[in-house]
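Participant: Per numbering that gives the first Met the number 0, residue 0 is the first one in the sequence shown, and the count goes up by one each step.
Glycine residues also receive a C-beta, built at the ideal position from the N, C-alpha and C atoms.
Note that the structure is predicted; figures quoted are calculated from it, not measured.
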Amino acid sequence: MSDIKQLLKEAKQELTNRDYEETIEISEKVLKLDPDNYFAHIFLGKALSSLPASNNVSSNRNLERATNHYVSAAKLVPDNLLAWKGLFLLFRTTEVVPDILSYDEYFDLCGQYADALLKQEQSQVELINDIKLLKKTHPDCQKAFYQHLKPGSLMAETIGRHLSTPQDALLNLIKILSNIETTEIGKTLSQNRLKLKASDPDYQIKLNSFSWEIIKNSEIDQLYNQLVNILADDQKRSEIENQWLEYRIKVLKSMPLDVKKDFFTKVKEMVEDMVLVNHQSLLAWQKYFEWTDYEDLDNMDAPLIIKYFKKFPKDPLAMILYSWLSSKLSKYDIKSLESANKPPEGHKKTEKETDIKDVDETNEDEVKDRVEDEVKDRVEDEVKDQDEEAKEDEEEDLDDIEIGLLEEEVVTVLTENIVKCKNNILAHRILCQYYLLTKEYEAALPYIKNGISLIAYNIKDLGVHLPLTKREFSLDLATVYTYVDAPKDHNAALKLYDNILSGDFSNIQAKMGKGIIFIERKNWKDAMTLLTQVHEQSPNNLEVLSELSWSKAHMGYMDEALAGLDTVIKGIKGMDLRSIDFRALNLWRQAKVYIMKHASINDAKQENVKCAFKLLIQSIKILDTFAPGFSTLGDIYCHYYKDHLRAFKCYFKAFDLDAGDYTAAKYITETYASKPNWQAASSIASRLIKGEKAKAELRSNNWPFRVVGIAHLEKQEESDSIEWFQSALRVDPNDVESWVGLGQAYHACGRIEASIKVFDKAIQLRPSHTFAQYFKAISLCDVGEYLESLDILEKVCQEAATEESFQIGLVEVLMRCSLDLYSQGFLLKSVSIAKDTIERIKIIITELKCENQQVWIYLSQVLRLFIWIESKVDTLPVESLVSIFENSQFSGSEEIDSVDNIKIDTLLDSTTDDNVSIACKFLILA
0 MSDIKQLLKE
10 AKQELTNRDY
20 EETIEISEKV
30 LKLDPDNYFA
40 HIFLGKALSS
50 LPASNNVSSN
60 RNLERATNHY
70 VSAAKLVPDN
80 LLAWKGLFLL
90 FRTTEVVPDI
100 LSYDEYFDLC
110 GQYADALLKQ
120 EQSQVELIND
130 IKLLKKTHPD
140 CQKAFYQHLK
150 PGSLMAETIG
160 RHLSTPQDAL
170 LNLIKILSNI
180 ETTEIGKTLS
190 QNRLKLKASD
200 PDYQIKLNSF
210 SWEIIKNSEI
220 DQLYNQLVNI
230 LADDQKRSEI
240 ENQWLEYRIK
250 VLKSMPLDVK
260 KDFFTKVKEM
270 VEDMVLVNHQ
280 SLLAWQKYFE
290 WTDYEDLDNM
300 DAPLIIKYFK
310 KFPKDPLAMI
320 LYSWLSSKLS
330 KYDIKSLESA
340 NKPPEGHKKT
350 EKETDIKDVD
360 ETNEDEVKDR
370 VEDEVKDRVE
380 DEVKDQDEEA
390 KEDEEEDLDD
400 IEIGLLEEEV
410 VTVLTENIVK
420 CKNNILAHRI
430 LCQYYLLTKE
440 YEAALPYIKN
450 GISLIAYNIK
460 DLGVHLPLTK
470 REFSLDLATV
480 YTYVDAPKDH
490 NAALKLYDNI
500 LSGDFSNIQA
510 KMGKGIIFIE
520 RKNWKDAMTL
530 LTQVHEQSPN
540 NLEVLSELSW
550 SKAHMGYMDE
560 ALAGLDTVIK
570 GIKGMDLRSI
580 DFRALNLWRQ
590 AKVYIMKHAS
600 INDAKQENVK
610 CAFKLLIQSI
620 KILDTFAPGF
630 STLGDIYCHY
640 YKDHLRAFKC
650 YFKAFDLDAG
660 DYTAAKYITE
670 TYASKPNWQA
680 ASSIASRLIK
690 GEKAKAELRS
700 NNWPFRVVGI
710 AHLEKQEESD
720 SIEWFQSALR
730 VDPNDVESWV
740 GLGQAYHACG
750 RIEASIKVFD
760 KAIQLRPSHT
770 FAQYFKAISL
780 CDVGEYLESL
790 DILEKVCQEA
800 ATEESFQIGL
810 VEVLMRCSLD
820 LYSQGFLLKS
830 VSIAKDTIER
840 IKIIITELKC
850 ENQQVWIYLS
860 QVLRLFIWIE
870 SKVDTLPVES
880 LVSIFENSQF
890 SGSEEIDSVD
900 NIKIDTLLDS
910 TTDDNVSIAC
920 KFLILA
């Protein structure tokens, strides 16, 4: 022991003499004898830090050894400040930090040194200044600096208050770590993205796995938790909680599927807590509603939705939710809900009354004074209240007007905001529900498919499980498949229903959906069997009973059907639009059953028809937009009361309300076509075609397409009419009228050969169709086949001798044939046919009394022919021409007659004219 003391004295003396090498040698001897000798470590630290660099040993090596010896000494006797002062002197005078010692190690030592100073009741100012200086000169130490200022760390507990608040320390640390994390994730993804195939179904999951490797060890989530717990400023805490939620969702997306579920539960609980305290985070409110798995959209927390809407009135999801509450198709009463959210009017008075009761502990004088003051206040308040009540009464009406949205506004809000909620499941569910309730099945289809995709994405991406919402979308998709492109997608709908029933055998909606498919297929027996089972399972379900009764009616059980429908009508209690519509539907069904009952029995007094009429009037009074009621009323007027004017009005109203009403559209179109008013008929047919509700009927009935085609022909838009006639023929290839219309269109467009083939097809289907033969003859004439054309026209004119158009067509072909023969040099044949033409014209003028201008044109053409062939002008059938002109009534020709002085009577009186002159005069008269 005495040797060690002696060596230490020598080392100290050598250190004083600045013989650092000797000091080092002696101190090392001491450490060999006593490895934990405090002063030997200090002497070594001082000597090594003061030793200049040599050829054999670098300066950094000496500084590293000096640092280690100081640190060892400080650990041996933490409360002795000698080693600490030497160590931090070394830090101040050299670049030990961060060249040799890391920032984390440095700040660990700072915490220990500060603790030693605190125990020794020594000043910490120098240490604090050292730390501040290092932070200022070394910006890259920020992460380590704030890491050691976290609440609970030694440095934070000893000198943290002099360097930063715990809140700022945590907030800055979170920012730094977040930036580092984001940079690393971006770098990793950019390196690995090209290694993956974008078409891979698990592409995003694989990308997320790279992110997870970085995030899984992150302490940011715990830091957010610490920060939120120590923040006193409510607004600041609200902002941080929103950031924390965003970060947690980001973490949730990167997690593997096997750990998502537990973490999602934590995030969801966080969201629910934030909404519970009326948090300012929009994200929290959005996720709360999106992640809530509602069984029925009519059982949502309506007051909470109104609070959400008032808090974020411009948020798309809030607007969609509020519009659903306002819609007449939902079960909510928006006015009652809004009124319930208003603050109670008498809360101020209650407070005053409570204040009066609380004065029992005061003395009598104070009580008297206070009561007098209260009376004065009450009198003044009553005067004010009376003035305000009048204003409030005037504003009540305005408030009522402003509450909720009009139905037109609901539609606008839904369609405009769904674009801004492309990734929100609940928004898609609400819009799909709205479209299905309004029977716009085709419009709902893309949103249903998108909603199903969003559910699958959320399961993979966030671990969100919404079984009720998923089931609802499946039911919606099956419903759409039931009505759109029916019956093509009926099998797909049945599979969806079976999938739902495999997981939930007692699901009423799925079973009823299958029953409705049977009804749509007119398979009444299977529908009745299935719906009977469903009714036994759920006897209070009015929708099931209504469909069952409707099926029974078609199976011939009229009385049972009427009794069931009557039960349904009596059981409907609500006054919302859906309930009113359901009531009108069942009244209409009752009326239809009475009509069916009338048809099945000999009811001369038409008692059942009268009952049906009364029920239809009742259904229309309940809901004046119920189209089937007007349509069936039109049936009664048309078939039973023979009042076609009223029938037309009823049908027109029905079609105006529902462009898919096939019966109404057909009656209206037939009425217009019989006038004929093809443009009006076309407008009705076009609306029927464009509407999705009549698609099933249009698969087997082609007349709407034919009507539109005919209307285009009437407007001389032949090229446009072709596609309509082709559409008509796709529906019914045996429709002769459509073939004839298509042939006319081809002919008008110059496609003569095609028109002949089309007319041949029409004649093949119906050989007796005179118009098909007529138009074929005209087409043959256009290609120079005059003989075949004339043969056909001769037969047609024999069959329909009084049809002007056929006779004029024959005259035209005869005229064109004679001119063609003349051009070829066959003069005798040309004259012969020209004479036949004049004889045909004579029949048209004298017998048919036709005054068509084309006839005179054709006559003038054949007269020219006689003038051109002077050698045969003597064969001109003068008598026939005289007969033609005598039977024609000319009016307004006096001025012309005064110029040329040619009249039929003067022409016959002339005896000097030769045959050519006579022919010329006939030509002038023609």
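Between Ala-771, Met-527, Phe-288 and Ala-10, which has its C-alpha nearest Ser-26's C-alpha?
Facilitator: On the sequence shown, residue 26 is found 27 positions in, with the first residue counted as 1. Among Ala-771, Met-527, Phe-288 and Ala-10, the Cα nearest to that of Ser-26 is on Ala-10.
Participant: Whose C-alpha, out of Thr-264, Val-706, Leu-405 and Asp-114, is nearest the C-alpha of Ser-329?
Facilitator: Residue 329 sits at position 330 when you count from the first residue of the sequence shown. Selected option, being the one with the closest Cα: Leu-405.
Participant: Using the rule of at least 16 other Cβ atoms within 10 Å of the residue's Cβ for burial, across every protein chain shown, is Arg-852 buried or exposed?
Facilitator: Indexing the sequence shown from 1 puts residue 852 at position 853. The residue you asked about is not Arg; residue 852 is Gln in the sequence shown. With fewer than 16 Cβ atoms within 10 Å of its Cβ, Gln-852 is classed as exposed.
Participant: Please classify Met-574: is it buried, with 16 or more other beta-carbons within 10 angstroms of its beta-carbon, or exposed?
Facilitator: In the sequence shown, counting from the first residue as 1, residue 574 sits at position 575. Result: exposed.
Participant: Under 8 Å between the Cβ atoms of Gln-146 and Leu-80?
Facilitator: Residue numbering aside, residue 146 sits at position 147 when the sequence shown is read from its first letter. Residue numbering aside, residue 80 sits at position 81 when the sequence shown is read from its first letter. Contact flag unset, no.
Participant: Within the chosen definition, does the region 575 to 590 reach the region 623 to 631 through at least 3 CB pairs nearer than 8 Å?
Facilitator: Short answer: they touch.
Participant: Can you look up Ala-39 in the DSSP assignment and give me helix, strand or coil?
Facilitator: Position 40 of the sequence shown, counting from 1, holds the residue named residue 39. Here Ala-39 sits in helix by DSSP.
Participant: Going by C-alpha to C-alpha distance, which of Asp-297, Asn-298 and Ser-322 sits closest to Lys-309?
Facilitator: Taking the sequence shown and counting its residues from 1, one reaches residue 309 at position 310. Checking every option, the nearest Cα to that of Lys-309 belongs to Ser-322.
Participant: Distance, Cα to Cα, Leu-303 vs Ser-720?
Facilitator: Reading the sequence shown from its first residue, position 304 is the one you call residue 303. Reading the sequence shown from its first residue, position 721 is the one you call residue 720. Cα to Cα, the separation comes out at about 57 Å.
Participant: Is it the case that the Cβ atoms of Gly-514 and Leu-493 are separated by a distance below 8 Å?
Facilitator: Here residue 514 is taken as the residue at index 515 of the sequence shown, counted from 1. Here residue 493 is taken as the residue at index 494 of the sequence shown, counted from 1. No; because the gap between Cβ atoms is not below 8 Å, this pair is not in contact.
Participant: Which parts of the region 89 to 136 are runs of the alpha helix (DSSP H), unbroken and 4 residues or longer, counting only runs that do not cross its ends?
Facilitator: Within the region 89 to 136, the complete alpha helix (DSSP H) runs of at least 4 residues are 95 to 98, 102 to 118 and 124 to 136.
Participant: What ranges does the alpha helix (DSSP H) occupy inside the region 53 to 81, keeping only unbroken runs of at least 4 residues that lie completely in it?
Facilitator: Listed in chain order, the complete alpha helix (DSSP H) runs (minimum 4 residues) inside the region 53 to 81 are 58 to 75.
Participant: Kindly list the residues whose CB is nearer than 6 Å to the CB of Phe-612, restricted to its own chain and excluding five residues on each side of it in sequence; keep chain order.
Facilitator: In the sequence shown, counting from the first residue as 1, residue 612 sits at position 613. So the qualifying residues of the chain are Ile-635.
Participant: Are Ile-683 and Ala-653 touching if we call contact CB-CB under 8 Å?
Facilitator: Residue numbering aside, residue 683 sits at position 684 when the sequence shown is read from its first letter. Residue numbering aside, residue 653 sits at position 654 when the sequence shown is read from its first letter. Not a contact, by the Cβ cut-off of 8 Å.
Participant: For Asn-700, does the three-state DSSP call read helix, strand or coil?
Facilitator: The residue you call residue 700 lines up with position 701 of the sequence shown. Asn-700: coil per DSSP, three-state reduction.
Participant: Just to confirm, is the Cβ distance from Ile-447 to Asp-475 under 8 Å?
Facilitator: Reading the sequence shown from its first residue, position 448 is the one you call residue 447. Reading the sequence shown from its first residue, position 476 is the one you call residue 475. For Ile-447 and Asp-475, yes; Cβs fall inside 8 Å.
Participant: Measure the beta-carbon distance from Ile-169 to Leu-226 and round it to whole angstroms, keeping in mind my assumption that it falls under 8 Å.
Facilitator: Sequence index remark: in the sequence shown, residue 169 carries index 170 (1-based). Sequence index remark: in the sequence shown, residue 226 carries index 227 (1-based). In the sequence as displayed, the identity of residue 169 is Leu instead of Ile. Confirmed, about 4 Å.
Participant: Measure the CB-CB distance between Phe-865 and Leu-880 and report whether it falls below 8 Å.
Facilitator: Here the question's residue 865 lines up with position 866 in the sequence shown. Here the question's residue 880 lines up with position 881 in the sequence shown. Their beta carbons are not under 8 Å apart, which means Phe-865 does not touch Leu-880 by this criterion.
Participant: I need the DSSP call for Gly-159, collapsed to helix, strand or coil.
Facilitator: Walking along the sequence shown from the start, residue 159 turns up at place 160. Reduced to three states, the DSSP call for Gly-159 is helix.
Participant: Hey, how far is the Cα of Leu-126 from the Cα of Ile-175?
Facilitator: Counting from one through the sequence shown, the residue named residue 126 turns up at place 127. Counting from one through the sequence shown, the residue named residue 175 turns up at place 176. Cα to Cα, Leu-126 sits roughly 25 Å from Ile-175.
Participant: Closest to Cys-140 by CA distance: which of Glu-104, Ala-455 and Glu-415 is it?
Facilitator: Here residue 140 is taken as the residue at index 141 of the sequence shown, counted from 1. Minimum Cα distance to Cys-140 is reached at Glu-104.
Participant: Quick one: grab the DSSP three-state call for Lys-494.
Facilitator: Here residue 494 refers to the residue found at position 495 of the sequence shown. Correct three-state label for Lys-494: helix.
Participant: Taking the alpha carbon of Ile-883 as the point to measure from, which residue in Asp-873, Trp-855 and Trp-867 has its own alpha carbon closest?
Facilitator: Residue numbering aside, residue 883 sits at position 884 when the sequence shown is read from its first letter. When only C-alpha atoms are compared, the closest one is Trp-855.
Participant: Straight-line CA distance for Ile-844 to Val-483?
Facilitator: By one-based count along the sequence shown, residue 844 stands at place 845. By one-based count along the sequence shown, residue 483 stands at place 484. Approximately 57 Å, taken between the alpha carbons.
Participant: Would you mind stating whether Leu-792 and Ala-776 have Cβ atoms separated by less than 8 Å?
Facilitator: Start at 1 with the first residue of the sequence shown, and residue 792 comes out as number 793. Start at 1 with the first residue of the sequence shown, and residue 776 comes out as number 777. Yes, these two residues count as a Cβ contact at 8 Å.
Participant: Considering only their Cβ atoms, is the gap separating Thr-22 from Phe-38 smaller than 8 Å?
Facilitator: By one-based count along the sequence shown, residue 38 stands at place 39. By one-based count along the sequence shown, residue 22 stands at place 23. No, these two residues do not count as a Cβ contact at 8 Å.
Participant: Considering Leu-256, what are the terminal residues of the alpha helix (DSSP H) in which it resides?
Facilitator: Counting from one through the sequence shown, the residue named residue 256 turns up at place 257. That run of the alpha helix (DSSP H) goes 256 to 275.
Participant: So, helix, strand or coil for Asn-449, using DSSP?
Facilitator: As a first step, residue 449 is located in the sequence shown; it is residue number 450 there, counting from the start. Note: Asn-449 maps to helix in three-state DSSP.
Participant: When you compare the region 454 to 464 with the region 429 to 440, are there three or more beta-carbon pairs, one atom per stretch, that lie closer than 8 Å?
Facilitator: Cβ pair count under 8 Å is below three, so no.
Participant: Determine, for Asn-241, whether the minimum Cβ-Cβ distance to residues of chain B falls below 8 Å.
Facilitator: Of the chains in the structure shown, none is chain B; there is only one protein chain.
Participant: Between the C-alpha atoms of Asp-938 and Phe-90, what's the straight-line distance to the nearest angstrom?
Facilitator: There is no way to answer for residue 938, as the model of the chain reaches only from 0 to 925.
Participant: Cutting at 7 Å between CB atoms, please list the residues of its own chain near Lys-841, excluding the five before and the five after it.
Facilitator: Mapped onto the sequence shown, residue 841 falls at position 842. These residues qualify, in order along the chain: Ser-879, Ser-882 and Ile-883.
Participant: So, do the region 245 to 265 and the region 291 to 301 have three or more beta carbon pairs nearer to each other than 8 Å?
Facilitator: At 8 Å Cβ cutoff, the stretches do not touch.
Participant: Is it right to say Val-270 is buried, meaning 16 or more other beta carbons lie within 10 angstroms of its own, or is it exposed?
Facilitator: Walking along the sequence shown from the start, residue 270 turns up at place 271. Classification for Val-270: buried.
Participant: Measuring only the C-alpha atoms, how far is Ser-473 from Ile-499?
Facilitator: Within the sequence shown, residue 473 is the residue found at index 474, counting from 1. Within the sequence shown, residue 499 is the residue found at index 500, counting from 1. Ser-473 and Ile-499: Cα-Cα distance of roughly 8 Å.
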